[in-house]
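Q:
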Amino acid sequence: MRIDVRPLTGDALDAALDDVARLRIAVFRAYPYLYDGDLAYERRYLRPYRDSAGAIVVGAFDGPRLVGAATGAPLEDHAGDFAAAFDGTGLRLSDIFYCAESVLLPDYRGHGIGHRFFDARESHGRALGRRHAAFCGVMRPPDHAARPDGYRPLDAFWRKRGYAPLPGVISHFTWKDIGDAQETRKPLQFWMKDL
73 MRIDVRPLTG DALDAALDDV ARLRIAVFRA YPYLYDGDLA YERRYLRPYR
123 DSAGAIVVGA FDGPRLVGAA TGAPLEDHAG DFAAAFDGTG LRLSDIFYCA
173 ESVLLPDYRG HGIGHRFFDA RESHGRALGR RHAAFCGVMR PPDHAARPDG
223 YRPLDAFWRK RGYAPLPGVI SHFTWKDIGD AQETRKPLQF WMKDL
């Protein structure tokens with residue numbers, strides 16, 4: 073499988089944002105996110121990656137088709153969402169590069185693309201002078217009704233990359249799960265590593 077993984081900037085980044093939005097909607101529909109998303113929300117959510125000088129979008133292309141993407145930005149660009157989670161930790165947001173999401177269509181998994189996504193974002197964070205890289209993942213109970221048989225969380229992959237959960241550093245986001253009538257608040261655990 074020959075997949076071109078590259079950072080997107082300027083016009084290329086702008087041109088890819090709707091495809092990134094569609095990937096987020098498709099990939100995050102699966103457990104554990106169960107996200108019932110829409111394109112209008114996604115466009116608003118992704119706007120900061122176009123507007124932030126420190127942001128990065130990394131695309132994975134099969135020919136001209138975007139099959140995966142990863143985003144990242146200085147954590148203070150997301151201070152409104154995450155600052156409270158870091159209160160009392162002694163960590164400065166300005167030292168942390170936030171690896172926001174990695175979304176990859178199922179047929180392309182298991183070929184090292186996830187590692188390439190992290191490599192590109194961590195390298196970008198180091199180039200910005202960041203001391204740490206962090207991301208967060210949704211927390212679902214182990215007996216969740218929608219958990220598929222044989223589900224394997226990504227914890228082992230993240231630990232292999234050098235990340236570890238930050239005890240007590242939990243943020244909360246609200247979205248509508250598939251099949252629900254309204255949005256509900258979900259906890260997301262932060263993981264971090266030194267760069």
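Every position in the sequence shown, counted from 1, becomes a number in the numbering used here once 72 is added. C-beta atoms are modelled at their ideal positions from N, C-alpha and C, and glycine is treated no differently.
1) Tell whether a beta-carbon distance below 8 Å holds between Pro136 and Met211.
2) Per the contact definition of three or more C-beta pairs closer than 8 Å, is the segment 218-226 in contact with the segment 101-111?
3) Identify, in the order they occur along the chain, each residue of the same chain with its Cβ nearer than 6 Å to the Cβ of Gly234, setting aside the five sequence neighbours on each side.
4) Using 8 Å as the threshold, is the C-beta distance between Ala172 and Gly144 below it?
5) Helix, strand or coil: which one does DSSP assign to His196?
6) Please list the terminal residues of the continuous beta strand (DSSP E) segment that includes Tyr170.
7) Taking 8 Å as the cut-off, decide whether the C-beta atoms of Gly197 and Leu267 are in contact.
8) Secondary structure at Ile250, three-state DSSP: helix, strand or coil?
9) I need the straight-line Cα distance from Ile168 to Leu238, nearest angstrom please.
10) Can you tell me which of the three DSSP states Asp108 falls into?
11) Cutting at 7 Å between CB atoms, please list the residues of its own chain near Phe281, excluding the five before and the five after it.
12) If you follow the beta strand (DSSP E) that Arg137 is part of, which residue opens it and which one closes it?
A: With the given structure in hand:
1) Walking along the sequence shown from the start, residue 136 turns up at place 64. Walking along the sequence shown from the start, residue 211 turns up at place 139. Contact flag unset, no.
2) yes
3) As a first step, residue 234 is located in the sequence shown; it is residue number 162 there, counting from the start. Taken in chain order, the residues that qualify are Lys265.
4) Here residue 172 corresponds to residue number 100 of the sequence shown, with the count starting at 1. Here residue 144 corresponds to residue number 72 of the sequence shown, with the count starting at 1. Yes, these two residues count as a Cβ contact at 8 Å.
5) Counting from one through the sequence shown, the residue named residue 196 turns up at place 124. Three-state result, His196: helix.
6) By one-based count along the sequence shown, residue 170 stands at place 98. First-last of the beta strand (DSSP E) with Tyr170: 168-176.
7) Here residue 197 corresponds to residue number 125 of the sequence shown, with the count starting at 1. Here residue 267 corresponds to residue number 195 of the sequence shown, with the count starting at 1. A contact, by the Cβ cut-off of 8 Å.
8) Here residue 250 corresponds to residue number 178 of the sequence shown, with the count starting at 1. Of the three classes helix, strand and coil, the one that applies to Ile250 here is coil, per DSSP.
9) Mapped onto the sequence shown, residue 168 falls at position 96. Mapped onto the sequence shown, residue 238 falls at position 166. Cα to Cα, the separation comes out at about 13 Å.
10) As a position in the sequence shown, residue 108 is number 36, starting the count at 1. It is coil, neither helix nor strand.
11) Residue 281 lies beyond the range of the chain shown here (73 to 267); nothing can be said about it.
12) Within the sequence shown, the letter at position 65 stands for residue 137. Note, Arg137: beta strand (DSSP E), 137-146.
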